Amino acid sequence: MSTLPPCPKCNSEYTYEDGTQLVCPECAHEWSANGETEAAGDETVKKDSVGNVLQDGDTITVIKDLKVKGTSLVVKVGTKVKNIRLCDGDHDIDCKIDGIGPMKLKSEFVRKV
């Protein structure tokens, strides 16, 4: 009989060890084997240049002229961008700018409207 704890997500008794992680084969949930519980907020909070919390669907304004890599286009100061989507990575805002097209922006160069 296994001495491993059941899955905290689905209570399956068929958990197994994978290095330092415990894995549930039924729901694919992974957690730390050393007994520490995961932080309740897995999501990181994205903030704009002045500290306002950003969410999907927000409207933002660009606070600095941004050169578009690979072209001679520039996103000017004050450009409004509607309906943003937050994503992970270095550039954490996915959006579509009129006249330029789809782009990724860093949250440090925008301000929530």
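In UniProt numbering, the protein residues as written are 1 to 113.
Cβ coordinates follow ideal geometry from the N, Cα and C atoms, glycine included.
Keep in mind it's a predicted model, so treat the numbers as computed, not measured.
query: Other residues of its chain near Gly89: CB distance less than 8 Å, five sequence neighbours each side excluded; result: Lys104
query: Integer Cβ distance of Lys112 from Leu54, believed to fall under 8 Å; result: 6 Å
query: Sequence-distant residues of its chain with Cβ nearer than 7 Å to Thr71 (five each side left out); result: none
query: Proximity below 8 Å, CB of Asp94 to CB of Lys46; result: no
query: Pairwise C-alpha distance: His29 and Pro6; result: 11 Å
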